[in-house]
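Have a look at the structure below, then the notes.
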Amino acid sequence: DVKVTQSSRYLVKRTGEKVFLECVQDMDHENMFWYRQDPGLGLRLIYFSYDVKMKEKGDIPEGYSVSREKKERFSLILESASTNQTSMYLCASSRFGDPQHFGDGTRLSIL
Amino acid sequence: KQEVTQIPAALSVPEGENLVLNCSFTDSAIYNLQWFRQDPGKGLTSLLLIQSSQREQTSGRLNASLDKSSGRSTLYIAASQPGDSATYLCAVRGSSGSARQLTFGSGTQLTVLP
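Next up, the structure:
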């Protein structure tokens, strides 16, 4: 079974902090994705990566950056956290054309 | 830009009923369509994936259909059970360039009453 592991289920940070969300997959997938999910807005793609050291912006990249130094790990970085980044963050991975597999999510609160 | 709509936003049915969830999308140039299930506070679980060349996919009590030309997909759940209660999301993958990522609908929250 594919396993996508997000480092934290719940996280509380303060405005202005630099925040790191980590995601690891164990199936050697080329593609990895970061989404945020908000009530009434659904899932929105922040960034994705098709290969190591490669990244592309999704629909809402502002205020975020990503890092993919190894194939199995994709990190989402909030450079200076703000309250409007309070959300559920979901990581996913896949092979090209195959279903995306999701982690359990990180519920992030910015105070 | 692709838009995906799911109606209704919420649905409540008694146990044992057969039911249909609807998904529509605006751009028919898709690579595939995927149905997911999400339990409260959890991530998404992939249920079925239909390639653009396929008309339907089945898994157990679930059957998903795709009509690409009309921009519609349905998820049919037979003999519903309380354990089917969850939010069901459909997502469409574009067929080229920056459209290759998934575009999600807002989901249908299903409650199956015992």
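Note that the protein sequences, when read in sequence, are chains A and B. Using the numbering used here, the first residue of the first sequence is number 4, and each one after it goes up by one. Using the numbering used here, the first residue of the second sequence is number 24, and each one after it goes up by one. Glycine included, every Cβ here is placed at the ideal spot set by N, Cα and C. Being a predicted model, the structure only gives us computed values, none of them experimental.
With a cut-off of 8 angstroms, do at least 3 Cβ pairs link the stretch 54-74 of chain A to the stretch 8-17 of chain A?
-> Contact between the stretch 54-74 of chain A and the stretch 8-17 of chain A is absent: fewer than 3 CB-CB pairs across the two stretches fall below 8 angstroms.
Residue-level contact to chain B via CB, A:L93, 8 angstroms cutoff = Start at 1 with the first residue of the first sequence, and residue 93 of chain A comes out as number 90. A:L93 counts as touching chain B.
Please state whether DSSP places B:N41 in a helix, a strand or coil.
-> Taking the first residue of the second sequence as position 1, residue 41 of chain B is located at position 18. Three-state result, B:N41: coil.
Tell me which same chain residues have a C-beta within less than 8 angstroms of the C-beta of A:K73, skipping the five on either side of it?
-> Numbered from 1 along the first sequence, position 70 holds the residue referred to as residue 73 of chain A. Here the set comprises V55.
Extent of the continuous beta strand (DSSP E) to which B:G117 belongs | As a working note, residue 117 of chain B is residue 94 in the second sequence. Looking at the DSSP string, the run of the beta strand (DSSP E) that includes B:G117 is A109 to G117.
Give me the Cα-Cα distance between A:T89 and A:E33, rounded to the nearest whole angstrom.
-> Translated into positions along the first sequence, residue 89 of chain A becomes position 86. Translated into positions along the first sequence, residue 33 of chain A becomes position 30. A:T89 and A:E33: Cα-Cα distance of roughly 28 angstroms.
Do the CB positions of B:L44 and B:T110 come within less than 8 angstroms of each other?
-> Here residue 44 of chain B is taken as the residue at index 21 of the second sequence, counted from 1. Here residue 110 of chain B is taken as the residue at index 87 of the second sequence, counted from 1. No, they are not a contact pair.
B:F127 touches chain A at which residues, Cβ-Cβ below 7 angstroms?
-> Here residue 127 of chain B refers to the residue found at position 104 of the second sequence. In chain order: G45 and L46.
Measure from the C-beta of A:H104 to each C-beta in chain B and report whether the shortest distance is under 8 angstroms.
-> Numbered from 1 along the first sequence, position 101 holds the residue referred to as residue 104 of chain A. Yes, A:H104 counts as interfacial toward chain B.
Which of the three DSSP states, helix, strand or coil, is assigned to A:K21?
-> On the first sequence, position 18 is the one that residue 21 of chain A refers to. Three-state result, A:K21: coil.
Excluding the five sequence neighbours on either side, which residues of its own chain have a C-beta within less than 7 angstroms of the C-beta of A:K58, listed in chain order?
-> One-based indexing of the first sequence puts residue 58 of chain A at position 55. Excluding positions up to five away in sequence, the list reads Y50, S52, V69 and R71.
Determine, using beta carbons only, whether B:E40 and B:S108 come nearer to each other than 8 angstroms.
-> Here residue 40 of chain B is taken as the residue at index 17 of the second sequence, counted from 1. Here residue 108 of chain B is taken as the residue at index 85 of the second sequence, counted from 1. No, the pair does not count as a contact, with Cβ atoms beyond the cut-off.
Test: B:K91 CB closer than 8 angstroms to a CB of chain A | The residue you call residue 91 of chain B lines up with position 68 of the second sequence. Taking a beta-carbon distance threshold of 8 angstroms, B:K91 does not count as an interface residue toward chain A.
Look at the alpha carbon of B:R95 and the alpha carbon of B:C113, and state the distance between them as a whole number of angstroms.
-> Taking the first residue of the second sequence as position 1, residue 95 of chain B is located at position 72. Taking the first residue of the second sequence as position 1, residue 113 of chain B is located at position 90. If you take the alpha carbons of B:R95 and B:C113, they lie about 11 angstroms apart.
Smallest Cα separation from A:G43: which of B:A32, B:A101 and B:E26?
-> Counted from its first residue, the first sequence places residue 43 of chain A at position 40. The residue with the shortest Cα to Cα distance from A:G43 is B:A32.
Going by alpha carbons, who is nearest to B:S88 out of B:W58, B:T68 and B:A52?
-> Within the second sequence, numbered from 1, the residue matching residue 88 of chain B stands at position 65. Of the candidates B:W58, B:T68 and B:A52, B:W58 places its Cα closest to the Cα of B:S88.
Residues of chain B with a CB under 9 angstroms from the CB of A:D107: which are they?
-> The residue you call residue 107 of chain A lines up with position 104 of the first sequence. Per Cβ cutoff of 9 angstroms: G64, K65 and G66.
Give a yes or no on whether 8 angstroms exceeds the smallest Cβ distance from B:Q77 to chain A.
-> As a position in the second sequence, residue 77 of chain B is number 54, starting the count at 1. Interface flag for B:Q77 against chain A is unset, since no Cβ pair is found closer than 8 angstroms.
Report the rounded CA-to-CA distance for A:L79 versus B:T126, giving the unit in angstroms.
-> Within the first sequence, numbered from 1, the residue matching residue 79 of chain A stands at position 76. Within the second sequence, numbered from 1, the residue matching residue 126 of chain B stands at position 103. Roughly 20 angstroms between the two C-alpha positions.
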